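Reviewing the structure listed below.
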Amino acid sequence: VDGTSLVQEFSDEIEKMLGSKMNVSLLDVFFHFSQFDYFNSMLINTMDEEGNYIELGGEFPLEENEHFNKLSVNTLMSDIQVPTNVYNKDPDILNGVYMSEALNDVFISNFQKDPTLTWQYFGSSTGFFRLYPGIKWTPDSNGVVAFDCRNRNWYIQAATSPKDIIIVVDVSGSMKGLKLTIAKHTINTILDTLGENDFVNIIAYTDYVRYVEPCFKGTLVQADLDNREHFKLLVEELQVKGEGKVKKAMKESFRVLNEATANGQGSLCNQAIMLITDGAMEDFQSVFEEFNWPDKKVRVFTYLIGRDMTFAENVKWIACNNKGYYTHINTLADVQENVMEYLHVLSRPMVINHDHDIIWTEAYMDSVLFNSIAQSLLLMTTVAMPVFSKKKETLSHGILLGVVGTDVPLLEVMMLAPRYKLGAHGYAFVITNNGYILAHPDLRPLYKDGKKLKPKPNYNSVDLSEAEWEDTEEILRTAMVKGETGTLTLDVKTTVDKGKRPLFLKNDYFYTTINDTPFSFGMVLTRGHGEYMFFGNVSVEEGLHDLQQPDLTIADGWTYCETDIDPHHRKLTQFQAVLRYLTGKEPDLECDEILLQQTLFDAVVTAPLEAYWTALMLTGDGVEDGVETAFLGTRSGLMRVTRYAGIEKRKGNKFLTKADKENLFTVDHFPIWYRLAAENKPGQFLYYVPDDDINKMDNHSSHNHHVIRAKMWRQIDRQLCFYMHTHSKKNCRTCVTVFLHLQIGKFFGEIDGSVMAQLLKSGLYKRVALYDYQAMCKNSHHHSSGARPLLSVGVFSTNPHWSAVSNRCSISLQKKVESMVPCNTEYPGFIYDTTIRETNSIIKCGRCQKMFVLQQIMNSNLVMLVVQADCDCSRHVGLNSFEHNATVKCNRMKSQKIRRRPESCHAYHPHENAKDCGGACEISISVALFFISLVTSLTLR
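So in UniProt numbering, the last spot in the sequence shown is 941, and the numbers never skip.
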C-alpha cells in the first residue's frame, strides 16, 4: 500500500465532498410575494378543542426519512422555530419570516442537486430559525424551547471574526441578590457566544482585582468548551462584598490585552472588554486616554444591571467612547437579547467590506436541536456564511441579517477513507486548525452517567496530542496544524478492548491539508499485517453463488455501494445493494469495484470452510458438545458465522450479533479478535474473553495462519477448565466451573496480588505505562481549588497482555458534590515474556508460605498457574494508584499550543458608524431591501 498517494487520494475526495457543501448557490433565486405561509415548528399539526388548526400551526405533512436518521420530516417545505423568549408575532419576526419564504425553493433545489446534503438553515439576527426539511420541534419537559440559533457556534463564528474577550464583573456589595444572579447569567451567556478561535478571561472586582480562576492570572485562555464550562463553575461561586472600584479592573484588562498582542498570543484580531456593573462612579477617562485612545483598538461593551438608572449615562459613555455598545439589563429575561448586540457590533467591519467569509465549525453533537437519540449521538461540522444588508444609506451601520449554513456529518467524511484500504490497525483522522480532533477512531465523546450516555464536557476540544500521545515531541501535531504534507514513523503502544490489551506497533503516519478548509487529514498504516493487499480474480457468477450462502454477511457500516444518492436506494442494506448491482438490477448504483472484487474472491475461497468446520464438529453422538460458534473474517469485511448451538443454549448470546459492535467490522475499526489475531504468532491459537461475556464462562479461540488474510475462530464454553486450579477436594470440573463464573476475565493482580507481584519481580511480566487523556473521574468537587483534580479510576484485566487501573479516589472533608469530571489517567499495562516457558517460586507471608508453579500452554497465549491456596498473602500487596495534581490540569487548560489562525480578520473599518452605541436609536430595514440583499448576498463561493 502506497501511503503517500493514498493519503492524497483520500484528502482530494474529502476536499471534493466538503467543497460541494460550500458551493450551494443561492444566486438564481427569484423572490416573489405569493401567499404567506408561516409554519411554527412547535405548533404545526396542532388543533384546538373544536378541531381547527391553531394559528401558526396548520397542517404540515411529516414522513419518516432514512436520510435524516429516520426522523419525521417534510422535504417539500421548511418551517420556523422561534425561542420561547422571543415573541413569535413580533413585527421583526413576521417581516423576516415573510422575506425569507423564498428560501424554501432554494433549499429544495439544493437537496435535489446534492442528495447527500443534510440540514439546511437560515438563522436570523432577530432570533427565528428557518430549517429544511421541516420538522416538529419538541420543547423540553417544561414546555420551553431554549434553542436560539444566535447562540450556536456556526452563527457566532460566521457573524464575527476571532476575538479576545475579558469579562469584568462588579462584585461589590451593591450587586447583591437579583443583580448578582443577572450578572452571572450575563457572563454565562457571553461565554456561550465564544468558540475555539476566541480567547477569554474573567476578572471580578471590588476595591481590588481578582481573577475568578487564579491559575489564569494575567493571561488569555482559549475559549474551548472545556475552559468555558470551567469558568461557569467558578462564576457560580462569586459572592459580593466591599466597594466597587472599576478603574483598577479596567487597567488590568487593558494590560492583559496589550501584552497578548505584543507577544503574538490570543486571536490577534478583535479585542473587547465586557463591563458588567450596576454603576460607575470613578473618574475612568484617564484609563482610556492611557490605554485605548485615540485608536480605540479595544472595544468596550457595558451592561448596566438592575432597575437603578442613576449611573446609566456614565456606563453608556464608556461604551460610546470606545466603539462598543451599551445595554440595560433589568431582568433575567433581558439577558439573551442584550448580549447578542455585541455580535452585531463586531460584525460591522466585515459587513461593510461585503466579505462573505466561509467558516467551518469544530465537531459537535446537536442534541438540543432535534431532541432524538439518533441525532444526539451524531458528530457533525457546519459550513456557514453571513448574510448582510447592502443598502447604501445604512452601510456604515453594518447591518447583519443572519447566517446561512448546512450540516456535514463527520461519518460521511470518514467513509471516504474506507477501512479495507487501511488494514486491521490502520485508520484515518481529521483535525482542526487548533489541533483539536474533528474525527478519530480513538475519540470517545460520550461517557456513561448511570444508565445514560452523555457528552463529555470537553468532547470537542480533545487535542491530537491526547490521542496520539506517543508523539511526545508533537512533531505530527505541529506539522498538521501548520497545514504541511509529509510522513512520520513512530513506535507506539496502543490498546484494544476498551484499553485493556496493549499492542506494540510500528505506525507510518501520512498527512496533508484539506484545501479551502481549516482542517488537516491524517492516515495511519501499520507495518506488518495490513502493509500489503492481496488481490484475486473470480468471475461475478462464481462469486455471486458463494456470496449468497446463509452463513455469509458483509460489513453493513461500510460503503460497498453508495445508497444515499438516490432516495429509492436508501432503504437497501449494503448486502442488498451489492446483490442488486452485481445481478444487473440496479446498474446505476455507484459501487467500489475494488472492494467488490475482493469480497467476491473472499466469498469463493472461504466457501468450503463451513463443510470443513462441520466435519470437525461431528461425533458419533452428533455435534461435539461445548462448541457454540465457528466464524471467520476477511479484510473485505466479509464474515462467515456457523452456529452449533441454538440461541437458548448459547452462553454468549450477544457475541457477533448487531449489538456486539466491538467484534464486528465497523466504520471505526476491525473486530477486536481480528486485531489481536493479526499480532499473534503464526500457527498459534489466541484465546480472548469478550467484555460482555465476562463471568459467563465464554471463551473464544482464534488460529493465526501463516497466510493471515482470514481470521478463523471457534467459540468454546469449557476450554479454560483445564487451565485453572482449585484447592478443593471436590470434583475438579465442578469446582473450576464455579471459579470461572466468578473470576474469568478479571485482572489477576486483583485475584492474587502477591503472586502477581512475584511474577513481575521475576521478569515474567513487564510493566509498561499507558495513558488515557479522555478519562472521566469521580470527583468530590468543592470548588476550593482553581482547577479540578485528576484521578485514576477503574480496574481492568487480560492475560497474557493486560492492563490495570486503580479505583482509589481522594476524599474531601469539605462540602462536596459527587460528579464526573474530565481527567488524565496513567495506568500500568503488563506484557508477558514468551521466552520463559515455566517458573515456580515460594512467597513468604509471615507465618505461612505460598508456592506456585506457572507453565506456558504451547501454541496459545495462555499460561497455567497452580497456586497453593491455604496461605493468604493478598493483604500485603495492593495496586498502585496514579493521581495527577491540580497544577497539571491548570497548565493544560491555559497552554497555548501551536495553532493556525483563521486567514481572515475584520476588526476595523474607517467607515464604521460607532455612534450607534445603544440606549437610543435603532436601525430598521425594509422588506424589499431584505430580500434583495438575500438574493445578491447568499452565495457560498
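Note that CB positions come from ideal geometry on N, CA and C, so glycine has one too.
As the structure is a prediction and not an experimental result, all values here were calculated from the model.
Nearest candidate by alpha-carbon position, reference residue i, set the options
| i | options | result |
| --- | --- | --- |
| residue 271 | 61, 594, 666, 292 | 292 |
| residue 188 | 361, 899, 332 | 332 |
| residue 339 | 778, 446, 191, 633 | 191 |
| residue 146 | 111, 302, 336 | 336 |
| residue 487 | 824, 522, 464 | 522 |
| residue 646 | 268, 623, 58 | 623 |
| residue 545 | 603, 573, 430, 499 | 603 |
| residue 416 | 166, 233, 561 | 561 |
| residue 186 | 162, 667, 532, 306 | 306 |
| residue 245 | 225, 204, 256 | 204 |
| residue 865 | 770, 917, 471, 756 | 756 |
| residue 341 | 400, 209, 296 | 400 |
| residue 902 | 747, 162, 8, 820 | 162 |
| residue 595 | 421, 621, 447 | 421 |
| residue 518 | 497, 183, 85, 363 | 363 |
| residue 666 | 257, 411, 448 | 411 |
| residue 839 | 465, 384, 856 | 856 |
| residue 150 | 383, 223, 402, 207 | 402 |
| residue 250 | 230, 334, 273, 607 | 273 |
| residue 764 | 747, 39, 835 | 835 |
| residue 658 | 644, 639, 452 | 639 |
| residue 365 | 389, 387, 407 | 407 |
Helix, strand or coil at residue i according to DSSP, with G and I counted as helix
| i | result |
| --- | --- |
| residue 825 | strand |
| residue 475 | helix |
| residue 11 | helix |
| residue 5 | helix |
| residue 441 | coil |
| residue 20 | helix |
| residue 328 | strand |
| residue 673 | helix |
| residue 622 | strand |
| residue 651 | coil |
| residue 386 | strand |
| residue 741 | Bear in mind that the predicted position of residue 741 carries a pLDDT of just 41, short of 50, making it unreliable; the figure below should be weighed with that in mind. In this structure, residue 741 counts as helix in the three-state DSSP scheme. |
| residue 560 | coil |
| residue 481 | helix |
| residue 589 | coil |
| residue 108 | helix |
| residue 769 | strand |
| residue 900 | coil |
| residue 261 | helix |
Extent of the continuous beta strand (DSSP E) to which residue i belongs
| i | result |
| --- | --- |
| residue 201 | 199-205 |
| residue 686 | 685-688 |
| residue 631 | 627-633 |
| residue 965 | A question about residue 965 goes unanswered here, because the residues of the chain that appear run from 1 up to 941. |
Any C-beta of chain B under 8 Å from that of residue i
| i | result |
| --- | --- |
| residue 446 | No chain B is present in this structure, which holds just one protein chain. |
Endpoints, alpha helix (DSSP H) assigned at residue i
| i | result |
| --- | --- |
| residue 351 | 348-353 |
| residue 614 | 609-617 |
| residue 835 | It is not in any alpha helix (DSSP H) - residue 835 carries neither H nor E in the DSSP assignment. |
| residue 286 | 285-291 |
| residue 320 | 312-320 |
| residue 944 | In the structure as shown, the chain starts at 1 and stops at 941, and residue 944 therefore has no counterpart that could be examined. |
Determine, using beta-carbon pairs with one atom in the segment 308-318 and one in the segment 121-141, whether at least three such pairs fall under 8 Å.
no
Would you say the segment 578-593 touches the segment 516-534, given that touching needs at least three Cβ pairs under 8 Å?
no
Using 8 Å as the Cβ pair cut-off and three pairs as the minimum, do the segment 9-16 and the segment 55-66 touch?
no
Threshold first: 4 residues or longer. Then list the alpha helix (DSSP H) segments lying entirely within the segment 171-254, N to C.
Here the runs fully enclosed are 178-192, 225-235.
Under 8 Å: do the segment 627-646 and the segment 597-608 share three or more Cβ pairs, one atom per stretch?
Verdict: yes, contact present.
Stretch pair the segment 892-912 + the segment 430-442: three plus CB contacts closer than 8 Å:
yes
Would you call the segment 472-488 in contact with the segment 848-868, where contact means no fewer than 3 C-beta pairs closer than 8 Å?
no
Ordered list of beta strand (DSSP E) runs contained in the segment 115-173, each at least 3 residues
120-124, 129-132, 163-170
Please determine if the segment 142-161 and the segment 297-306 are in contact, where contact requires at least 3 C-beta pairs separated by less than 8 Å.
no
If contact is defined by three or more beta carbon pairs under 8 Å, each pair taking one atom from either stretch, is the segment 544-558 in contact with the segment 572-585?
With the rule of 3 Cβ pairs closer than 8 Å, the segment 572-585 counts as touching the segment 544-558.
Contact between the segment 211-220 and the segment 442-456 is defined here as three or more beta-carbon pairs at a separation below 8 Å; is this criterion met?
no
The segment 667-676 in contact with the segment 493-501 per 3-pair CB rule at 8 Å:
The segment 667-676, when compared against the segment 493-501, does touch it at the 8 Å Cβ threshold.
Tell me whether the segment 350-360 and the segment 904-919 touch, counting them as touching only if at least three CB pairs, one residue from each stretch, are closer than 8 Å.
yes
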